[in-house]
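Visitor:
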Amino acid sequence: MKGNTLLLAGVLLATGCIGSAVTYKDWHAKEVARLGAGSRIFQTEHGPLEYEVRGSGPALLIAHGSPGGYDLGAAFATLLAAPQSYTYICVSRPGYLRTPLSTGETPEEQADLYAELLNHLQIQNATIIAISGGGPAGIQFALRHPERCNGLVMISGVAQHYSEEEILQSFPPLKRLIRRFYAKLVTMDMIMYLALPFARIQPSGSATFELARTATLYSQRKVGYENDMRQFARITHYPLEQIQAPTFVVHGTSDDEVLFDNAELLASKVPNVRLMAISGGSHLSFYTHAKTVMPALRTFLTQMTSTTRATDTNDTTDGQMRQML
Numbered sequence: 038m039k040g041n042t043l044l045l046a047g048v049l050l051a052t053g054c055i056g057s058a059v060t061y062k063d064w065h066a067k068e069v070a071r072l073g074a075g076s077r078i079f080q081t082e083h084g085p086l087e088y089e090v091r092g093s094g095p096a097l098l099i100a101h102g103s104p105g106g107y108d109l110g111a112a113f114a115t116l117l118a119a120p121q122s123y124t125y126i127c128v129s130r131p132g133y134l135r136t137p138l139s140t141g142e143t144p145e146e147q148a149d150l151y152a153e154l155l156n157h158l159q160i161q162n163a164t165i166i167a168i169s170g171g172g173p174a175g176i177q178f179a180l181r182h183p184e185r186c187n188g189l190v191m192i193s194g195v196a197q198h199y200s201e202e203e204i205l206q207s208f209p210p211l212k213r214l215i216r217r218f219y220a221k222l223v224t225m226d227m228i229m230y231l232a233l234p235f236a237r238i239q240p241s242g243s244a245t246f247e248l249a250r251t252a253t254l255y256s257q258r259k260v261g262y263e264n265d266m267r268q269f270a271r272i273t274h275y276p277l278e279q280i281q282a283p284t285f286v287v288h289g290t291s292d293d294e295v296l297f298d299n300a301e302l303l304a305s306k307v308p309n310v311r312l313m314a315i316s317g318g319s320h321l322s323f324y325t326h327a328k329t330v331m332p333a334l335r336t337f338l339t340q341m342t343s344t345t346r347a348t349d350t351n352d353t354t355d356g357q358m359r360q361m362l
């Protein structure tokens, strides 16, 4: 979640640099203006909901992670690299950016907001892509609005009780200390400002930079993040066996932020599921293994759009398939 290891090398190098306060202030003001200009506000029955729509074609709802915002959904769309094939609906979940927490605190309420937004956009059905902390809202959309959900994609997603503190306590002391220190660093906009140039020189530079930028302006994401942590800790049991939509799960086996057992639970309970387990992969496996993950995801999405509620069950048992990379 906060431990965005993609930026670690850049952060460590960048902290030795001396940034201009004037330049930083100018950058900060431009980032605030950019995010505000790049989205729209829909007045739902429960309050304002920030969103962006781009592209054309079958609809993909993107439930961003923790922290995040509509910009994380847009960055994921860039990484997917199919700009003309889909209508991407990128939403800031409550507490993030310009969506106030009062619009809907729980994953159930957030799922209903997605359905209300689809009504507003006059879109009947969508496949929902739930990234990391967007998992509970994605699951609830599939459960509460099965007639609207063509498919469910879980990317390193939370699917059960989740406590960041419990995971940290399972770490050795040194690793726990480093993780806490790093989590603090990535909430500091000056650090992120210094680190961003390093994102441009990473593989898939444009997508990397867009993903990295979603970690900036943490003060505008903090309320949503803290609410997510409260909500996820309260999860007891989701009736995953009731999910009707074809489901595609991508998860690294060495993910130490959202543990791999979330993916295994989905694979064991959801009736029509494919698990892509990235051997040794971290929380950012969808990025580090993008050359494998994104083509597989595009294939799954094509299946969702070519045949409504279709299920490819070749070489599967009870509609389940497991792939280890």
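Residue 38 is where the sequence shown starts when you use this note's numbering, and the numbers rise one by one after that. We treat Cβ as the ideally placed atom computed from N, Cα and C, and that holds for glycine. Please read all numbers here as calculations on a predicted model, not as lab measurements.
For the 8 Å Cβ check, are there 3 or more pairs between the stretch 163-174 and the stretch 184-193?
Guide: Counting Cβ pairs under 8 Å, three or more are found: they touch.
Visitor: Taking DSSP's pairing of strands, which residues face residue 188 in a bridge?
Guide: Bridge partners of residue 188: 164.
Visitor: Can you tell me whether residue 252 is helix, strand or coil according to DSSP?
Guide: Three-state DSSP puts residue 252 in coil, outside helix and strand.
Visitor: Taking residue 237 as part of the alpha helix (DSSP H), name the residues at either end of that continuous run.
Guide: Per DSSP, residue 237 belongs to the alpha helix (DSSP H) from 226-237.
Visitor: Taking C-alpha atoms, which residue in 279, 299, 319, 64 lies nearest to residue 178?
Guide: Checking every option, the nearest Cα to that of residue 178 belongs to 279.
Visitor: I need the DSSP call for residue 342, collapsed to helix, strand or coil.
Guide: Looking at residue 342 - three-state DSSP - the assignment turns out to be helix.
Visitor: Report all residues from its chain with a CB closer than 8 Å to the CB of residue 258; omit the five preceding and five following residues, and keep chain order.
Guide: Within the same chain, residue 258 has close Cβ partners 104, 105, 106, 132, 133, 134.
Visitor: Just to confirm before moving on: does the CB-CB distance between residue 86 and residue 136 stay below 7 Å?
Guide: Result yes, Cβ atoms of residue 86 and residue 136 sit closer than 7 Å.
Visitor: Could you tell me the alpha carbon to alpha carbon distance between residue 151 and residue 98, rounded to whole angstroms?
Guide: Residue 151 and residue 98: Cα-Cα distance of roughly 8 Å.
Visitor: Kindly indicate the opening and closing residues of the alpha helix (DSSP H) around residue 260.
Guide: That run of the alpha helix (DSSP H) goes 259-270.
Visitor: According to DSSP, what are the bridge partners of residue 284?
Guide: In DSSP, residue 284 forms a bridge with 189, 310.
Visitor: Please return the same chain residues whose Cβ sits closer than 7 Å to the Cβ of residue 266, not counting the five positions on each side in sequence.
Guide: Answer for residue 266: 201, listed in chain order.
Visitor: Compute the beta-carbon to beta-carbon distance between residue 38 and residue 169, rounded to the nearest angstrom, for a pair I have assumed lies under 8 Å.
Guide: Between residue 169 and residue 38 the Cβ distance is about 6 Å, and since that is below 8 Å, they are a contact.
Visitor: Count Cβ pairs between the stretch 283-292 and the stretch 323-341 that sit closer than 8 Å; are there 3 or more?
Guide: Enough Cβ pairs lie closer than 8 Å, so yes.
Visitor: What are the residues that DSSP puts in a beta bridge with residue 130?
Guide: In DSSP, residue 130 forms no bridge with anything.
Visitor: Do residue 160 and residue 96 have their C-beta atoms closer together than 7 Å?
Guide: For residue 160 and residue 96, yes; Cβs fall inside 7 Å.
Visitor: What did DSSP end up calling residue 159 once you bin it into helix, strand or coil?
Guide: The answer is coil: DSSP assigns residue 159 none of H, G, I, E or B.
Visitor: Under 6 Å from any heavy atom of the ligand COA, does the C-beta of residue 189 make it?
Guide: Within the structure as shown, the ligand COA is missing, as the structure has no ligands at all.
Visitor: Whose C-beta lies closer than 6 Å to the C-beta of residue 342 among residues of the same chain, with five residues either side of it excluded?
Guide: The residues are 95.
Visitor: Residue 85 lies in the beta strand (DSSP E); which residues open and close that run?
Guide: It spans 85-92 - the beta strand (DSSP E) in which residue 85 sits, taken as one unbroken run.
Visitor: Buried or exposed for residue 184, please, with buried defined as at least 16 other CB atoms from any protein chain shown within 10 angstroms of its CB.
Guide: Residue 184 comes out exposed.
Visitor: What residue range does the alpha helix (DSSP H) around residue 135 cover?
Guide: Run containing residue 135: none; DSSP gives neither H nor E here.
Visitor: Using the three-state DSSP reduction, which class does residue 353 fall into: helix, strand or coil?
Guide: Because the pLDDT at residue 353 is just 38, under 50, the model does not fix this residue reliably, and the point stays unresolved.
Visitor: So, for residue 174: in the same chain, excluding its five sequence neighbours on each side, which residues have a beta-carbon less than 7 Å away from its beta-carbon?
Guide: Excluding sequence neighbours, residue 174 sits near 100, 130, 144, 147, 148, 167.
Visitor: Give me the Cα-Cα distance between residue 310 and residue 283, rounded to the nearest whole angstrom.
Guide: Each residue's alpha carbon lies about 6 Å from the other.
Visitor: Grab me the residues of residue 84's own chain with a C-beta within less than 7 Å of its C-beta, minus the 5 sequence neighbours each way, in chain order.
Guide: Here the set comprises 137, 139, 140.
Visitor: Is residue 121 helix, strand or coil by DSSP?
Guide: Three-state DSSP puts residue 121 in coil, outside helix and strand.
Visitor: DSSP beta-bridge partners for residue 71?
Guide: The partner list for residue 71 (beta bridge, DSSP) is empty, contrary to what the question assumes.
Visitor: Specify the secondary structure class of residue 111 as computed by DSSP and reduced to three states.
Guide: Residue 111 falls in the helix class under three-state DSSP.
Visitor: What is the DSSP secondary structure of residue 244, reduced to helix, strand or coil?
Guide: It is helical.
Visitor: With 16 as the cutoff for other CB atoms within 10 Å, does residue 251 come out buried or exposed?
Guide: Label assigned to residue 251: buried.
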